[in-house]
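Participant:
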Amino acid sequence: MGLLDNLKGKLGPAKGKVSGLAQQHGGKIQHGIDKAAKAVDERTKGKYSKGIQSGSGKAKEAMDRLAHKDGPQGGTGGPGEPGGTGGTSGTGGTGGTTPPAGPPPTS
5 MGLLDNLKGK LGPAKGKVSG LAQQHGGKIQ HGIDKAAKAV DERTKGKYSK
55 GIQSGSGKAK EAMDRLAHKD GPQGGTGGPG EPGGTGGTSG TGGTGGTTPP
105 AGPPPTS
């Protein structure tokens, strides 16, 4: 059993606790994210609004994944699905398309 397997085994119970707390206090956490984003945006006088909005959106998505709010996939949904890897409006995502590895195909 390798080091990573040992760590995964020890962190398993902690993940369950964090997930439970995220489910229980999700509204408070999201409110805190919004409040922090607003404070930072005000202090930077709107200069970084787009990045702040993107970052707070990603933080909320991560919190939702922790709380398992995004369905049975557990954060592995496709583009446009909750937990998917596709881009969302305003986050600069790629829409979930990944170019194939290797040289481009010849016609």
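Throughout, the numbering used here is defined as the position within the sequence shown, counted from one, plus 4. Where is the CB? At the ideal position from N, CA and C, for every residue including glycine.
Please state the DSSP three-state secondary structure of A66.
Facilitator: helix
Participant: Can the beta-carbon of A41 be found closer than 9 Å to that of S60?
Facilitator: yes
Participant: Measure the C-alpha to C-alpha separation of E46 and K12 and round it to an integer number of angstroms.
Facilitator: 40 Å
Participant: Under three-state DSSP, which class holds H35?
Facilitator: helix
Participant: Would DSSP call K54 helix, strand or coil?
Facilitator: helix
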